[in-house]
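Chemist: Here this note's numbering is used: the first residue of the sequence shown is 98, the next is one more, and so on. Virtual Cβ for every residue (Gly too), placed ideally from N, Cα, C. Please see the structure below; I have some questions.
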Amino acid sequence: MYNRRRFLTSSLGAGAALGVSGLVPAWAVSASEGNMGIPALTGTNFDLEVSKFKTRINGRVASAVGVNGSIPAPLIRFREGDDITLNVKNTLDVDTSIHWHGLLVPFQMDGVPGVTFPGIKPGETFTYKYAVPQNGTYWYHSHSGLQEQSGHYGPIIIDPKDADPVSYDREYVLMLGDWTFTDPHRIFAKLKKNAESLNFNQATVSNPKGLLGMWGAMRMSPNDLADVTGETYTYVINGHSTADNFDMVFNPGERVRLRIINAAAMTLFNVRMPGLPMTVVQADGLNVRPVETDEFQMGVAEVYDVIVEPTEAKPFAFVAESIDRSGQVVATLAPKPGMRAKASALRAVPTLTMKDMGMDHSSMGGMDGMDHDATTDMNAKPSAQMDHSKMGHDMGAMSDGKMGGMDHAAPDHAAMGHGPNPNGPPVQLAKMEADIEVGPGVVNVAAMPTNRLDEPGIGLSDVPHRTLTYSQLRSLEPNQDTRKPGREVVVHLTSNMERYMWSFDGVKFSEVKESIKFMEGERVRLTMVNNTMMPHPIHLHGMFFDVVIPGYENGTHMPRKHTIVVKPGEKLSVDVTAEHVGDWAFHCHLIYHMHAGMMQVVSVLPNPQKMTPMMMKSMPADHSKMDHSKMGHDNMKEAK
Ligand SMILES: [Cu+2]
Numbered sequence: 098m099y100n101r102r103r104f105l106t107s108s109l110g111a112g113a114a115l116g117v118s119g120l121v122p123a124w125a126v127s128a129s130e131g132n133m134g135i136p137a138l139t140g141t142n143f144d145l146e147v148s149k150f151k152t153r154i155n156g157r158v159a160s161a162v163g164v165n166g167s168i169p170a171p172l173i174r175f176r177e178g179d180d181i182t183l184n185v186k187n188t189l190d191v192d193t194s195i196h197w198h199g200l201l202v203p204f205q206m207d208g209v210p211g212v213t214f215p216g217i218k219p220g221e222t223f224t225y226k227y228a229v230p231q232n233g234t235y236w237y238h239s240h241s242g243l244q245e246q247s248g249h250y251g252p253i254i255i256d257p258k259d260a261d262p263v264s265y266d267r268e269y270v271l272m273l274g275d276w277t278f279t280d281p282h283r284i285f286a287k288l289k290k291n292a293e294s295l296n297f298n299q300a301t302v303s304n305p306k307g308l309l310g311m312w313g314a315m316r317m318s319p320n321d322l323a324d325v326t327g328e329t330y331t332y333v334i335n336g337h338s339t340a341d342n343f344d345m346v347f348n349p350g351e352r353v354r355l356r357i358i359n360a361a362a363m364t365l366f367n368v369r370m371p372g373l374p375m376t377v378v379q380a381d382g383l384n385v386r387p388v389e390t391d392e393f394q395m396g397v398a399e400v401y402d403v404i405v406e407p408t409e410a411k412p413f414a415f416v417a418e419s420i421d422r423s424g425q426v427v428a429t430l431a432p433k434p435g436m437r438a439k440a441s442a443l444r445a446v447p448t449l450t451m452k453d454m455g456m457d458h459s460s461m462g463g464m465d466g467m468d469h470d471a472t473t474d475m476n477a478k479p480s481a482q483m484d485h486s487k488m489g490h491d492m493g494a495m496s497d498g499k500m501g502g503m504d505h506a507a508p509d510h511a512a513m514g515h516g517p518n519p520n521g522p523p524v525q526l527a528k529m530e531a532d533i534e535v536g537p538g539v540v541n542v543a544a545m546p547t548n549r550l551d552e553p554g555i556g557l558s559d560v561p562h563r564t565l566t567y568s569q570l571r572s573l574e575p576n577q578d579t580r581k582p583g584r585e586v587v588v589h590l591t592s593n594m595e596r597y598m599w600s601f602d603g604v605k606f607s608e609v610k611e612s613i614k615f616m617e618g619e620r621v622r623l624t625m626v627n628n629t630m631m632p633h634p635i636h637l638h639g640m641f642f643d644v645v646i647p648g649y650e651n652g653t654h655m656p657r658k659h660t661i662v663v664k665p666g667e668k669l670s671v672d673v674t675a676e677h678v679g680d681w682a683f684h685c686h687l688i689y690h691m692h693a694g695m696m697q698v699v700s701v702l703p704n705p706q707k708m709t710p711m712m713m714k715s716m717p718a719d720h721s722k723m724d725h726s727k728m729g730h731d732n733m734k735e736a737k
């Protein structure tokens with residue numbers, strides 16, 4: 098049996114050992130003592146094994162794909178700046194990988210098959226080695242196929258080298274997940290199929306201009322905000338459903354740090370602890386000026402650390418409710434083990450506004466002109482410099498398995514002294530903006546996208562308590578790079594939901610001709626326009642987004658994030674310093690959106706001003722030789 102009792106005992110032990118903060122540095126605590134309800138590994142050398150295994154979720158036997166036989170995978174804990182070695186053995190019969198989400202590692206260690214390395218083959222062990230200049234709460238997960246949905250995710254805590262500005266007496270990691278007993282590939286096939294079987298014409302003919310027809314046409318209702326709902330998912334915290342009741346203990350008056358990671362495949366969560374204010378102290382692993390709030394929405398892959406200070410000796414509920422309120426998971430924070438907080442009832446489904454649906458536009462964002470026989474040839478537009486015929490896009494078509502032309506061992510970035518180059522000549526590159534028109538991959542074009550950073554998450558505008566907005570966040574530490582961006586790159590988030598097509602700039606990843614180019618050392622403004630009716634948590638590997646908050650454009654404490662939710666109909670900007678040369682994945686973190694094609698690669702090119710012939714040799718990948726077959730995304734030809 099899945100042994101809750103054992104976990105409980107060890108988490109009590111941890112409580113006793115760490116009852117007074119600072120007695121023992123957290124990184125020095127042994128695995129058993131450091132247990133917070135999930136298995137933990139500490140040190141500098143880690144052995145991880147990716148396998149298929151049986152576990153128990155919500156009382157049912159579940160077939161998982163994960164690391165070291167647990168969901169979540171073990172907590173990996175190490176210290177800022179330490180040289181880390183992680184040996185990852187693949188015992189699956191398919192390729193796997195581990196991506197260290199938010200960690201600033203050399204790109205060869207970033208773990209994205211087909212972009213930064215060839216993936217880890219069955220039976221093979223891949224050794225990751227790196228040291229990172231950061232601390233905080235992060236996580237790791239597979240970047241191969243749909244493995245993440247099956248449990249291949251785990252938390253990372255990097256303890257600060259120096260004093261932690263956040264003081265706390267006790268800590269817990271809470272990994273939110275959306276478990277399914279259905280094979281993820283079946284879910285994806287179903288999403289594709291339902292989309293195609295929709296009779297668009299009938300819906301519009303019966304109610305040509307009416308909203309219901311329009312929503313029907315978009316496969317959405319005014320209540321619909323998630324592709325996959327609580328009917329399919331069992332929402333979990335550290336692998337435990339509400340029935341399993343993951344419980345955490347505290348002593349009244351303690352400062353309890355909760356490290357909350359949304360490791361779901363598809364679910365944005367609303368997080369709250371009724372009766373207990375939460376003070377946000379970290380966002381995506383980076384310290385922020387403390388903000389007290391009562392509820393916040395977490396996009397997939399986002400991380401928030403909060404401090405709570407319960408003074409009453411009673412159980413408190415930790416509630417993670419899915420954005421569409423089709424389900425929730427409740428954990429307990431209580432003065433004694435084994436207690437169960439009263440779970441608040443699932444709240445009523447919020448009535449979404451036209452703005453929430455991404456349609457608060459005078460022209461309906463081009464929907465009037467929706468024409469599904471559109472003959473616009475999207476392929477005629479982009480600069481066609483890459484030859485995808487070589488990339489093996491057809492499902493299952495594998496090339497020789499090597500990344501053509503990429504030499505993964507060669508570049509020594511440490512020796513190349515990469516870094517921002519504020520003194521170098523300004524990089525002159527034209528503003529890049531894709532022309533977006535309605536076409537096969539783009540059903541909707543937001544005519545008047547608006548900045549929504551000062552709004553809470555979708556559906557939270559009228560809750561009777563405080564809610565967190567991105568615009569409230571400020572970095573605790575001053576920003577390292579306060580230069581104004583030299584240019585702007587605009588990326589459109591696009592879809593054709595009837596065909597379950599998701600893309601950037603109307604081109605799904607398998608058909609992308611060219612990566613987005615940043616120049617080493619440059620400061621770029623990345624502007625994202627969401628032309629779809631769903632929120633997308635967008636993640637860029639290898640660098641952080643400095644969020645451009647209206648009214649605080651040139652602030653010195655811009656909040657920095659690795660993942661940001663772009664709301665429906667929203668246009669927002671982030672400034673990025675392209676510090677680390679390499680190829681970096683850029684994608685929506687909703688796994689089926691990424692799988693369907695909402696992904697790109699950002700290539701940070703070495704600054705030619707600083708290049709020697711030796712360096713020229715180790716330029717990042719030539720994308721004309723990029724091997725898409727390794728990436729495991731959906732390459733199916735769209736049905737006509
Ligand atoms: Cu998405």
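Tell me the start and end of each unbroken beta strand (DSSP E) in the segment 594–679 that is at least 3 residues and wholly inside, in chain order.
Modeler: For the segment 594–679, whole beta strand (DSSP E) runs of length 3 or above, ordered along the chain, are 598–601, 613–616, 620–627, 633–637, 642–644, 660–663 and 668–674.
Chemist: Specify, as a first and last residue, the run of the alpha helix (DSSP H) that H690 falls within.
Modeler: Where H690 is concerned, the enclosing alpha helix (DSSP H) stretches over I688 to A693.
Chemist: How close, in whole Å, do the beta carbons of T364 and A323 come, if the pair is a contact with beta carbons under 8 angstroms?
Modeler: Right, their Cβ atoms sit about 7 angstroms apart.
Chemist: Would the beta-carbon of G424 fall within 8 angstroms of that of Y332?
Modeler: Taking 8 angstroms as the Cβ cut-off, G424 and Y332 qualify as a contacting pair.
Chemist: Could you tell me the alpha carbon to alpha carbon distance between H654 and V385, rounded to whole angstroms?
Modeler: Rounded to whole angstroms, H654 to V385 spans 9 angstroms at the Cα level.
Chemist: Got a list of residues with beta-carbon closer than 6 angstroms to any non-hydrogen atom of ligand 1, in chain order?
Modeler: My final list is W599, H633, C685, L687, H690 and M695.
Chemist: Count the other C-beta atoms from every protein chain shown that fall within 10 angstroms of the C-beta of M545, then say buried if there are 16 or more, exposed otherwise.
Modeler: With fewer than 16 other Cβ atoms within 10 Å, it is exposed.
Chemist: Let me know if A512 comes out buried or exposed under the rule of 16 or more other beta-carbons within 10 Å of its beta-carbon.
Modeler: Unreliable positioning characterises A512 in this predicted model, as indicated by a pLDDT of 30, which lies under 50. A coordinate reading is not provided.
Chemist: Alpha carbon to alpha carbon, how far is I555 from E667? Give it in angstroms, no decimals.
Modeler: The straight-line gap from Cα to Cα measures roughly 12 angstroms.
Chemist: Since L183 and Y225 should fall inside the 8 angstroms C-beta cutoff, what is the C-beta to C-beta distance between them, to a whole number of angstroms?
Modeler: About 4 angstroms; that satisfies the 8 angstroms criterion.
Chemist: By the three-class DSSP mapping on this structure, what secondary structure does R157 have?
Modeler: In the structure shown, R157 sits in a strand (DSSP, three-state: E or B).
Chemist: What does the alpha-carbon distance come out to for the pair A228 and G639?
Modeler: Answer to the nearest angstrom: the Cα atoms are 14 angstroms apart.
Chemist: If we ignore side chains and look at the alpha-carbon of each, how far apart do S558 and I217 end up?
Modeler: C-alpha separation (whole angstroms): 44 angstroms.
Chemist: Let me make sure I understand the geometry here. Which of A260, Q569 and E245 has the alpha-carbon closest to that of H282?
Modeler: Out of A260, Q569 and E245, E245 has the C-alpha closest to the C-alpha of H282.
Chemist: Since A431 sits in a beta bridge, which residues does DSSP pair it with?
Modeler: Paired residue(s): V346.
Chemist: For the beta strand (DSSP E) containing R422, list its first residue and its last residue.
Modeler: Neither: R422 is in no beta strand (DSSP E) and is coded neither H nor E.
Chemist: Under the rule that 16 or more other beta-carbon atoms within 10 Å means buried, what is K290, buried or exposed?
Modeler: K290 should be labelled exposed.
Chemist: When you compare the CB positions of T234 and Q394, do they come within less than 8 angstroms of one another, or not?
Modeler: In this structure, Q394 does not lie closer than 8 angstroms to T234 by Cβ.
Chemist: In three-state terms, what does DSSP make of F683?
Modeler: Strand at F683.
Chemist: Since H337 is in the beta strand (DSSP E), which residue starts that stretch and which ends it?
Modeler: Here H337 belongs to no beta strand (DSSP E), and DSSP marks it neither H nor E.
Chemist: Closest to F615 by CA distance: which of D402, Y269, A362 and P705 is it?
Modeler: It is P705 whose Cα lies nearest to the Cα of F615.
Chemist: Ordered along the chain, which non-local residues of its own chain (more than five positions away) have a Cβ less than 7 angstroms from that of G463?
Modeler: Residue confidence is low: G463 scores 38 on pLDDT, short of 50, so the model does not pin down where it sits. No coordinate-derived value is stated.
Chemist: If you run the structure through DSSP and keep just helix, strand and coil, what is I195?
Modeler: Looking at I195 - three-state DSSP - the assignment turns out to be coil, as it is neither helix nor strand.
Chemist: Have a look at L570 and P656 and give me their C-alpha separation to the nearest angstrom.
Modeler: Cα to Cα, L570 sits roughly 6 angstroms from P656.
Chemist: Mapping the DSSP letters down to three states, classify M206 as helix, strand or coil.
Modeler: If DSSP states are grouped into helix, strand and coil, M206 belongs with the helices.
Chemist: Would you mind stating whether E177 and N142 have Cβ atoms separated by less than 8 angstroms?
Modeler: Taking 8 angstroms as the Cβ cut-off, E177 and N142 do not qualify as a contacting pair.
Chemist: To which residues of the same chain is M691 closer than 6 angstroms at the C-beta, ignoring the five residues directly before and after it?
Modeler: Excluding residues within five positions, the ones whose Cβ falls inside 6 angstroms are H684 and C685.
Chemist: Three-state secondary structure (DSSP) at A281?
Modeler: Here the sequence assigns Pro to residue 281, which means Ala is not the residue at that position. Three-state result, P281: helix.
Chemist: For M245, which three-state DSSP category applies?
Modeler: Here residue 245 turns out to be Glu, not Met, going by the sequence shown. The answer is helix: DSSP assigns E245 an H, G or I state.
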